[in-house]
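Below is one structure, written out as structure tokens; the observations come after it.
Protein chains: 2
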Amino acid sequence: MAFAKRTAQATNESLHRIFTMAEAPDSTLGRIEQEMSQNLVGFLNNHIVASNNALTDIEQDFICPHIPEQPEFVSDHMHHLLDKLVAQSVHTASPSFIGHMTSALPAFILPLSKLMVGLNQNLVKVETSKAFTPLERQVLGMMHNLVYHKDDSFYHTWMHSAEHSLGAFCSGGTVANITALWVARNKLLKADGDFKGITRSGLFSALQHYDYQGLVILVSERGHYSLKKSADILGIGQDSVIAIETDENNKIDCQKLAQKCQQLQEKNIKILSIVGVAGTTETGNVDPLDKMADIAHQYQCHFHVDAAWGGATLLSNKHKYLLDGIERADSVTIDAHKQMYVPMGAGVVLFKDPSSVADIEHHAEYILRKGSKDLGSHTLEGSRPGMAMLLYASLHIISRPGYELLINQAIEKAQYFADIINKHEDFELITKPELCLLTYRYVPKAVHALLKRADEEQQSLLNELLGKLTEFIQKRQREDGRSFVSRTRIQVARYGGEKIIVFRVVLANPLTSKENLQDILTEQCLLAQESEKLLPQLLIAAKL
Amino acid sequence: MAFAKRTAQATNESLHRIFTMAEAPDSTLGRIEQEMSQNLVGFLNNHIVASNNALTDIEQDFICPHIPEQPEFVSDHMHHLLDKLVAQSVHTASPSFIGHMTSALPAFILPLSKLMVGLNQNLVKVETSKAFTPLERQVLGMMHNLVYHKDDSFYHTWMHSAEHSLGAFCSGGTVANITALWVARNKLLKADGDFKGITRSGLFSALQHYDYQGLVILVSERGHYSLKKSADILGIGQDSVIAIETDENNKIDCQKLAQKCQQLQEKNIKILSIVGVAGTTETGNVDPLDKMADIAHQYQCHFHVDAAWGGATLLSNKHKYLLDGIERADSVTIDAHKQMYVPMGAGVVLFKDPSSVADIEHHAEYILRKGSKDLGSHTLEGSRPGMAMLLYASLHIISRPGYELLINQAIEKAQYFADIINKHEDFELITKPELCLLTYRYVPKAVHALLKRADEEQQSLLNELLGKLTEFIQKRQREDGRSFVSRTRIQVARYGGEKIIVFRVVLANPLTSKENLQDILTEQCLLAQESEKLLPQLLIAAKL
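Here the protein sequences come in this chain order: A and B.
Residue numbering for the first sequence is 1 to 544, as defined by our numbering.
Residue numbering for the second sequence is 1001 to 1544, as defined by our numbering.
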């Protein structure tokens, strides 16, 4: 007992130290931190091991289901993390990892993130965030201005108004899209006469009251999967997300959209929202937003633009015309953790009308009191970190022209990559870049010419074999770990709308050079040669 | 033009530096970082200015709605942030700020957070998270084990199974609660015969198919507001959240709960979920979970436990009995950013049945393919940061017995505070601590005795005046900025269920000492004297 008491006392003191004493600079954690601070990319290069460990092997290091009964020294645990976690992470900042939307981050973000964590503010209410609340409202104002460019008096009136909001910060594009459609749904099915509104009475009573045969969301077939998820969560159902065909440039076919709207109206099925895509996840194309706004206006429905990826393009005076019409959207999603170079966890939804959030307001006794400026009264999330600070700092340090350069360079880089793919004998460009995304595939020279003059059946056979080859190359490249492109299947008009397996690249990392891009093609050609069966099979098929 | 080109070139180079060159150790940001690393609490003490600036004054610093056209030097911007943001933040780590659920963090969390941001993994898919995916699954396994303590073979089978999940990480308790009820809703209204299930066909068709007159959620009147928000988002409607009365200890009255279930069954209204609260936000009380599980079992409905606050108590062998019955819940919410001392943004929802997530699974062409281990196929959020790493590290470094000490001490501290409030002539303890929360109010000695023997009307008048006084003290204390307790209104049985304004404290910060608590009462007594009108008014009323 005396021993147990002494042990408790010792643990107690060591716990107090954990909360008050920093790691010494020469401790393991101190040294790691210094290494990261001085040269993050170098640190990641040194510690992330490019290995072809299968996920099932990695899982063996993360198998114990017991919370430890013995404390570990910080330095021991850091060695463990470096060895088992960091070494086996993905080098998202690498200039040769061009397969995803996560890029290198500006160096100043790291110490700033530490400051954010150290302050540990909770944005749900003013009581635990104070200056972070007006800061977040200002950042939302800046982003709103970027999209809607209202005059200064508009922002003066609404930016800090307790009962209004220009948008909401959230963890990412999915929550932003859900929030936008939640607002649209609650506004459409609002209180009316005896009916207390969907917020209080639910969807079933709402549809009965308004006598709608159903609600639908219209979006191009390239829309993000989060829209179906939103429809599920909001009780509308995934089948109510109607995919409208796209043209050969992956943009929604507005004629088909208008036809569908007309048909739905005739059936008394209410359109909850038309959703425009500004930067499709797979190909980076932007829908004709202005024309879509016309149609939404004609059918009096909510117009949402999912600009999670492409929204940052508005920072480029050169390219922002691509998003013309976005200023007519009722709501817009933009992810700051994508092309605004802020770390993971920073989504934004913006509302044209500052009173839109009235339809999703929630209050409670101890916080979010009516009339308070607590941000939590109109966000889907409750407690939230102060990520807005990182976007605020980036907007000031990089500034609009700095972002323009980053975006313009990314698009130029994608155009350059498209050029060298087009000139290369063994590749086929599938979708050309509008923003900084493109797709392509490996097509050996011998197959190229044949593919063009083949009949439908033969084309289909060749495409299947080419797809297998593309998949083989992509997997091997990922496993080898020197570089990474992603893979998807998209319908291609020139092959009669057949679904084709392609490489997908996103060229947003400012550190990616032309040499990196050339190297990736070289590596893929070499990998193709290693496909023992696929390439010969393809060449035989091509001779048929 | 040549000038513009040169400028672009210069900006270009400076942008490249931003992504590659760290701040020098002697730069402003470098020095700030060092200061934070060496002594976080000291840094916060130095830089957060205790001021009674009104929020409207602070807003003046965050008023510009334009994204800057000129880049700022990092060091200049840091001075700006220190001056305008940090100085005017809330000192959440202060031992005297005992009004909210945000506490001091262990020092090792700061450099680890920096590592997390530097790695910038995206947990939505394995491709951008690799080892972080099994790590998150392991942490979910450990938390699942804490709640459900299944045997090792259970975890061996399910922890890393592609088609299963023991839970989901998310940004916080609200998303965790929504996710739990989303699962419950989709499971209840699943595909059946011709009906394709709510996921595909929506809530309207689902209720028609199952012929339910409505769906309801039953929770005590102390339930968190996120449950009403969940009901709104999921299309069920806030009015379908039925508040069941609590007893004098703020625990749900199980007899009333059972009666309500019976009534609902007779009306063919389906109970979507019974929700138990393990640690109410306002008073920290825990519902009789085992009895609630009996009732949920009897009426064959989902049983969810919102243990956002109290879940961590399971780490204390001494106090975990308070949550007996939680292991019978179908789903459980726990916030790691509350009493597990992880920074903001770490919520967890756990599912007893690893196949529960099948009802909310989403797939897409380019990621989340069927059979993949991508975590994003069954989370509400899409892209997400690797917060699980911070919980993983804390579980290893602090360990279960370390957490037990923290939790036991917090509860002891609350009992100590209750004691000194009870002994103090000028205070009244309103709710005694079960976990480390309690509520109390200022009641001058002269009023104490009278309050007990007053008739209902007089009591009501006194309570109103006491409420105003409590509010006055709380606001002044917050404005003075040396310490902070929060404020709420709760029904108090001993005053005939009248709603009483009270101080609310949460004693989870390990740095809070007994002296801090004594000082807070002393400060409140002094502030009471400053209420020029309220105190005399009260004393006059008391003499009536």
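A virtual CB, placed ideally from N, CA and C, is assigned to each residue, including glycine.
No experiment lies behind these values; they were computed from the predicted model shown.
Below 8 Å on the Cβ atoms is my guess for residue i versus residue j; work out the distance and round it to an integer in Å.
i: L406 of chain A; j: V147 of chain A; result: Going by Cβ atoms, the distance from L406 of chain A to V147 of chain A rounds to 19 Å, so no, they are not a contact pair.
i: Q1038 of chain B; j: P1025 of chain B; result: With a Cβ gap of about 13 Å, Q1038 of chain B and P1025 of chain B do not count as contacting.
i: H1100 of chain B; j: T1028 of chain B; result: The pair is not a contact, with the Cβ atoms about 30 Å apart (cut-off 8 Å).
i: V1139 of chain B; j: Y1403 of chain B; result: In fact, because the Cβ distance is near 14 Å, the residues do not count as touching under 8 Å.
i: Y1440 of chain B; j: F1427 of chain B; result: 5 Å
i: I1500 of chain B; j: R1482 of chain B; result: Contact doesn't hold; Cβ gap of about 26 Å is too wide.
i: D1287 of chain B; j: I1252 of chain B; result: 5 Å
Consult DSSP for residue i and reduce its assignment to one of helix, strand or coil.
i: T1280 of chain B; result: coil
i: D1306 of chain B; result: strand
i: S27 of chain A; result: coil
i: S75 of chain A; result: helix
i: L1215 of chain B; result: strand
i: R185 of chain A; result: helix
i: R482 of chain A; result: coil
i: Q395 of chain A; result: According to the sequence displayed, residue 395 of chain A carries Leu and not Gln. DSSP places L395 of chain A in helix when its eight states are reduced to three.
i: C525 of chain A; result: helix
i: H1382 of chain B; result: The sequence shown places Gly at residue 1382 of chain B, not His. Correct three-state label for G1382 of chain B: coil.
i: S1531 of chain B; result: coil
i: T1107 of chain B; result: The sequence shown places Ala at residue 1107 of chain B, rather than the Thr named in the question. The answer is coil: DSSP assigns A1107 of chain B none of H, G, I, E or B.
i: D1057 of chain B; result: helix
i: M1 of chain A; result: Here M1 of chain A scores only 40 on pLDDT, less than 50, and its place in the model should not be relied on; the value that follows carries that caveat. Here M1 of chain A sits in coil by DSSP.
i: C254 of chain A; result: helix
i: T246 of chain A; result: strand
i: R1017 of chain B; result: helix
i: F62 of chain A; result: coil
i: G1347 of chain B; result: strand
i: L405 of chain A; result: helix
i: T1333 of chain B; result: strand
i: T128 of chain A; result: helix
i: S273 of chain A; result: strand
Among the options, which one has its Cα closest to the Cα of residue i?
i: L135 of chain A; options: A:A258, A:M387, A:L380 and A:Q339; result: A:M387
i: K1114 of chain B; options: A:V492, A:L521, A:P343 and A:Q524; result: A:P343
i: H1424 of chain B; options: B:A1231, B:Q1524 and B:S1094; result: B:Q1524
i: L1380 of chain B; options: A:R441, A:L438, A:I98 and A:G173; result: A:G173
i: K533 of chain A; options: A:C170, A:F472 and A:L322; result: A:F472
i: F1108 of chain B; options: A:G214, A:V241, A:F73 and A:Y299; result: A:F73
i: N1516 of chain B; options: B:G1497, B:R1494 and B:I1420; result: B:I1420
i: K1084 of chain B; options: B:L1015, B:G1042, B:F1154 and B:I1048; result: B:I1048
i: R400 of chain A; options: B:Q1070, B:G1030, B:S1014 and B:D1239; result: B:Q1070
i: Y442 of chain A; options: A:T470, A:R453 and A:T280; result: A:T470
i: M292 of chain A; options: A:L218, A:K229 and A:N45; result: A:L218
i: E1059 of chain B; options: A:R137, A:A508, A:L535 and A:A336; result: A:R137
i: H1224 of chain B; options: B:A1278, B:L1465 and B:K1150; result: B:A1278
i: E1023 of chain B; options: B:H1077, B:D1057 and B:D1194; result: B:H1077
Looking only at its own chain, which residues have a Cβ that is under 6 Å from the Cβ of residue i, when we skip the five neighbours before and after it?
i: H164 of chain A; result: W158, P354 and S355
i: I1334 of chain B; result: A1307, G1311 and V1348
i: T1092 of chain B; result: T1102
Which same chain residues end up closer than 8 Å to residue i when comparing Cβ atoms and leaving out the 5 residues on each side of it in sequence?
i: G382 of chain A; result: V124 and G376
i: P106 of chain A; result: Y341, S394, I397 and I398
i: A2 of chain A; result: Here A2 of chain A scores only 47 on pLDDT, less than 50, and its place in the model is too uncertain to base an answer on.
i: H304 of chain A; result: N177, A180, L181, A184, S273, I274, V275, G276, A329, D330, S331, V332 and T333
i: Y212 of chain A; result: N268, I269 and K270
I'd like the list of long-range same chain contacts for residue i, defined as Cβ closer than 7 Å, with 5 residues on each side in sequence excluded.
i: N12 of chain A; result: none
i: S1280 of chain B; result: In the sequence as displayed, the identity of residue 1280 of chain B is Thr instead of Ser. Hits under 7 Å: R1222 and N1250.
i: V216 of chain A; result: S240, I242, L264, I269, I271 and L272
Any chance you could list the beta strand (DSSP E) runs of at least 3 consecutive residues sitting entirely within the stretch 1411-1462 of chain B, in chain order? 1427-1431 and 1437-1442
What are the complete beta strand (DSSP E) segments, minimum 3 residues, inside the stretch 1492-1526 of chain B? 1498-1506
In chain order, which alpha helix (DSSP H) runs of at least 4 residues are fully inside the stretch 1157-1209 of chain B? 1173-1188
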